[in-house]
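Protein chains: 4
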Amino acid sequence: MGGQSKRLPRAIREQQMLDAAIDVFAKHGYHGASMNAIAAEAEISKPMLYLYYGSKDELFAACIRRESTRFLDALTGAADPTLTPREQLEHGIRVFLGFVNTNRKAWRVLYRQALYQNEFAELVLSSRDRAVELTALILRSSSRDERSNDQYRLMATVLIGAGEAVADLIADGTAQTEDAVTLLTDLAWRGLAGRKPVH
Amino acid sequence: MGGQSKRLPRAIREQQMLDAAIDVFAKHGYHGASMNAIAAEAEISKPMLYLYYGSKDELFAACIRRESTRFLDALTGAADPTLTPREQLEHGIRVFLGFVNTNRKAWRVLYRQALYQNEFAELVLSSRDRAVELTALILRSSSRDERSNDQYRLMATVLIGAGEAVADLIADGTAQTEDAVTLLTDLAWRGLAGRKPVH
Amino acid sequence: MGGQSKRLPRAIREQQMLDAAIDVFAKHGYHGASMNAIAAEAEISKPMLYLYYGSKDELFAACIRRESTRFLDALTGAADPTLTPREQLEHGIRVFLGFVNTNRKAWRVLYRQALYQNEFAELVLSSRDRAVELTALILRSSSRDERSNDQYRLMATVLIGAGEAVADLIADGTAQTEDAVTLLTDLAWRGLAGRKPVH
Amino acid sequence: MGGQSKRLPRAIREQQMLDAAIDVFAKHGYHGASMNAIAAEAEISKPMLYLYYGSKDELFAACIRRESTRFLDALTGAADPTLTPREQLEHGIRVFLGFVNTNRKAWRVLYRQALYQNEFAELVLSSRDRAVELTALILRSSSRDERSNDQYRLMATVLIGAGEAVADLIADGTAQTEDAVTLLTDLAWRGLAGRKPVH
DNA sequence: GATGAATGAGGATTCATTCAT
DNA sequence: AATGAATGAATCCTCATTCAT
């Protein structure tokens with residue numbers, strides 16, 4: 001008790017707070033997480049939270065932004081033009097599921113709290129849309145067919161939906177990452193990426 | 001204000017209340033929905049809600065139960081042994097997406113609120129599990145391969161995840177049901193249901 | 001369930017209700033006893049309670065009145081001019097404690113709930129005053145001194161206070177009636193009933 | 001409205017709150033006292049009450065504890081070995097009744113509310129038991145007889161019961177402290193403390 | 001820069017009480 | 001004569017948020 005918190009530079013404080021916030025949000029959900037609990041977890045006083053983030057909403061938004069960015073960066077960084085299309089697909093999926101696996105809390109906050117908290121869905125959806133866009137691109141480049149962008153986007157959405165379902169299993173510890181990678185890659189490659197429907 | 005609906009028999013009031021509750025839960029989420037708002041929507045007084053359902057939790061649970069049941073009944077009723085496997089798959093998917101399309105609020109409450117509200121997840125998951133089981137059965141009967149039950153279940157989970165992603169698009173009005181039926185059926189048939197990976 | 005309660009004549013119904021009310025009041029206290037619980041205990045519907053007694057307050061008052069009367073009747077009936085003063089005293093005390101012993105619930109409601117429930121204290125006090133008056137009379141007739149009525153009344157109050165303390169022990173089952181009779185009689189006889197203070 | 005008392009150190013606020021709480025509890029009883037009313041009386045906001053005491057129950061318990069302690073301290077401080085037994089008895093009684101006289105509200109809360117509020121009786125009884133113990137000791141040392149501890153305890157209970165009845169009169173302003181002291185001392189000395197029953 | 005002290009606003013829940021049948 | 005259906009009004013409690021130091 002008393003004066004634990006030493007004058008830290010702003011940047012570090014911010015991260016500390018976000019870490020704590022994500023922790024508590026992941027555990028109790030948006031509504032269940034009280035500013036009190038977050039301040040306690042961060043070992044600072046409540047007014048500090050307000051000084052840095054202004055409101056609970058903004059704090060939550062900041063969490064979402066930080067994690068979305070980290071997430072997208074991971075995915076973007078995974079692109080590797082030297083691979084074959086199928087390898088690219090597999091690599092992308094592996095990076096995605098790997099990220100979820102090592103950032104379970106973030107995943108829960110982002111995709112299982114924010115997404116269905118009316119006021120924040122948009123925030124997540126915007127970066128999810130970028131993920132869809134990215135995936136659509138990969139699908140197109142892996143595909144032998146010619147389809148409309150909308151078609152590819154719908155496919156990407158579906159694939160990402162499947163990915164999220166699997167991600168949930170992984171975040172819960174119910175499924176193994178590698179099994180899931182194989183399954184999803186196969187699904188994407190054969191089901192979506194293109195062979196002509198019949199012949 | 002308005003109707004003041006008076007002295008209805010218990011059974012009718014119950015449905016009225018659940019309708020109102022689902023409405024408000026769908027719009028504001030579990031926490032955001034106040035008993036006040038639900039009572040107002042149902043055009044009854046708060047004590048009635050408590051008289052009939054005892055607590056907010058139990059009211060929410062009652063919503064989940066009613067809609068889960070309706071949902072499963074729809075899916076179960078869709079089974080039709082006279083169809084070919086692929087037709088069965090397609091029909092199942094169409095019924096599923098059709099249900100979501102005409103029960104958007106219920107869908108949101110069930111799969112987008114309850115599922116990620118810690119205390120209620122289990123309730124939804126138990127009926128989701130039955131859906132997974134059902135789907136796994138269809139997949140097995142549509143499949144030419146021999147796989148383990150676990151394999152089929154994982155596939156079913158993935159397919160349902162994809163289905164939910166699509167369902168969200170439909171619930172939002174972003175996608176057309178028929179397009180989605182085609183895409184999903186194709187995905188399931190080719191990506192999962194099993195032709196041997198070409199070689 | 002359903003129609004247990006047959007058309008009973010008013011007088012019987014009234015007693016039935018009071019019995020139930022005293023039961024519930026004794027167990028849960030005035031505030032803790034809900035009209036619901038009382039109606040349930042009496043195996044009638046709530047509106048009946050209101051039909052007969054008008055309000056919770058009046059129902060409680062009715063309980064107090066009935067039991068006060070029974071209580072005073074018992075005490076009054078105990079007077080027996082053929083006994084010696086000391087025997088009278090002892091007999092009075094025995095009747096009092098005996099009554100408490102066989103009417104524990106009533107005792108609790110009257111002297112442990114009503115007395116300290118602001119709105120009802122008066123009701124109890126008025127009949128308690130009559131008990132004090134009665135006791136004062138006995139004390140005067142047992143006394144060799146000459147004292148003012150006020151003195152006798154104060155003595156009676158003290159004696160009754162002691163009696164109530166003992167009554168509590170009896171109502172709780174902590175003390176035996178006969179032991180208490182001996183002690184109290186002795187106390188009253190020697191401590192109050194008269195010998196000159198010093199000599 | 002009014003003082004708006006601001007930013008007091010914790011210790012002072014605590015007492016302020018307890019003072020207000022005792023006031024309101026004494027006037028309306030446990031159930032009749034709303035947290036609203038207590039907050040208003042203390043001229044603070046409701047959340048402060050909860051911040052400091054957590055719940056109505058705990059607030060009530062805190063009142064009981066503070067007053068019990070003050071009470072027992074007063075009694076304990078009254079012991080004075082230089083006095084004769086009878087003087088000790090008289091002094092003890094005077095201190096007791098004097099305390100009640102100057103702490104009428106506390107007396108009401110402790111012995112007239114808490115004692116008959118099922119959930120709190122125990123709390124009061126434990127300190128009342130200590131008072132009984134103390135009194136029993138004084139009685140024994142004042143007594144010329146040899147009796148069992150149980151006997152002395154029963155006597156003490158009776159004496160305290162009588163004392164409480166008198167205390168009520170004093171708290172109501174119906175009796176004078178000095179008159180009561182004389183009467184009770186006499187009662188205790190002659191009726192209980194022991195000269196052998198004449199023969 | 002940092003915080004202990006304080007509160008407005010609102011939420012779940014429970015009653016005593018009354019209609020309409 | 002008797003009751004199932006219905007509610008206004010309060011109560012306890014919590015939380016995001018802000019001062020004053």
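Chains as they are written, first to last, in UniProt numbering: chain P, 1 to 199; chain Z, 1 to 199; chain G, 1 to 199; chain H, 1 to 199. Ideal placement from N, C-alpha and C gives every residue a C-beta, glycine not left out.
Fully contained in the stretch 87-161 of chain P are the following alpha helix (DSSP H) runs of length 4 or more, in chain order: 104-107, 118-142. Fewer than three Cβ pairs drawn from the stretch 92-104 of chain Z and the stretch 117-130 of chain Z lie within less than 8 Å of each other, which leaves the two stretches out of contact.
Looking from the CA of M155 of chain Z, the closest CA among Z:A121, Z:L169, Z:R140 belongs to Z:R140.
For Y52 of chain Z, none of the residues of chain P pass the 9 Å Cβ criterion, the least Cβ distance being about 25 Å.
The closest CA to that of T185 of chain H, considering only H:P85, H:I12, H:I38, H:N118, is found on H:P85.
Look at E43 of chain H here: in three-state DSSP terms it is coil, with no helix or strand label. Contacts between A162 of chain H and chain G, judged by CB atoms closer than 8 Å, involve V158, L159, G161, A162, A165 in chain order. Taking C-alpha positions only, G163 of chain P is separated from N118 of chain Z by approximately 21 Å. Per the coordinates, the alpha-carbon of G92 of chain P lies some 19 Å from the alpha-carbon of S126 of chain P.
In this chain, Q176 of chain G is not harboured by any alpha helix (DSSP H), its DSSP state being neither H nor E. T69 of chain H has its alpha-carbon roughly 18 Å from the corresponding atom of D57 of chain H. Here R108 of chain H is buried. Its C-beta has 16 or more other C-beta atoms within 10 Å. Within the model, the alpha-carbon separation for S55 of chain Z versus G32 of chain Z is close to 15 Å.
By alpha-carbon distance to L75 of chain P, the top candidate from P:D179, P:I64, P:E90, P:A121 is P:E90. CA-to-CA, the gap between E41 of chain G and P9 of chain G works out to about 19 Å. In this structure, Y111 of chain P places its C-beta atom within 9 Å of the C-beta atom of V124 of chain P. R7 of chain H is not a Cβ neighbour of M48 of chain H, given a cutoff of 9 Å.
By the C-beta density criterion, R190 of chain H is buried, having at least 16 other C-beta atoms within 10 angstroms. At a beta-carbon threshold of 7 Å, the residues of chain P lying near R112 of chain Z are Y116, ordered along the chain.
Within chain G, not a single residue places a beta-carbon under 8 Å from that of G173 of chain H; the smallest gap is close to 14 Å.
Secondary structure note for R7 of chain Z: it is in no alpha helix (DSSP H), with a DSSP letter that is neither H nor E. Between L97 of chain P and A180 of chain P, the CB-CB gap stays under 9 Å. Assigned with DSSP and collapsed to three states, L83 of chain P falls in coil, not helix or strand. Within the stretch 179-192 of chain Z, D179, A180, L183, L184, D186, L187, A188, W189, R190, G191, L192 place their CB atoms closer than 9 Å to a CB of chain P, listed in sequence order. Shown here, S68 of chain H sits in a helix according to DSSP, grouped into three states. The beta-carbon separation of S45 of chain G and A37 of chain G, rounded to 13 Å, does not stay under the 8 Å limit for a contact. One thing to note: A21 of chain P has its Cβ within 9 Å of the Cβ of C63 of chain P. S142 of chain H sits buried, since 16 or more C-beta atoms from the chains shown fall within 10 Å of its C-beta.
In this structure, A26 of chain H lies near A106 of chain H, with their beta-carbon atoms less than 9 Å apart. Against chain G, the CB of M35 of chain H has no partner CB under 9 Å away; the residue lies outside that interface. Within the same chain, and ignoring the five residues on either side of A78 of chain Z in sequence, the residues whose Cβ sits closer than 7 Å to its Cβ are H91, G92, V95.
G161 of chain G is a Cβ neighbour of G161 of chain H, given a cutoff of 9 Å. L183 of chain Z and T135 of chain Z have their C-alpha atoms spaced approximately 17 Å apart. For M17 of chain Z, no CB of chain P lies under 9 Å from its own CB, so it is not counted at the interface with that chain.
Using a CB distance cut-off of 9 Å, G98 of chain P does not count as an interface residue toward chain Z. Neighbours of L154 of chain H in chain G, taken as residues whose beta carbon is under 9 Å from its own, are V166, L169, A175, D179, A180, L183 in chain order.
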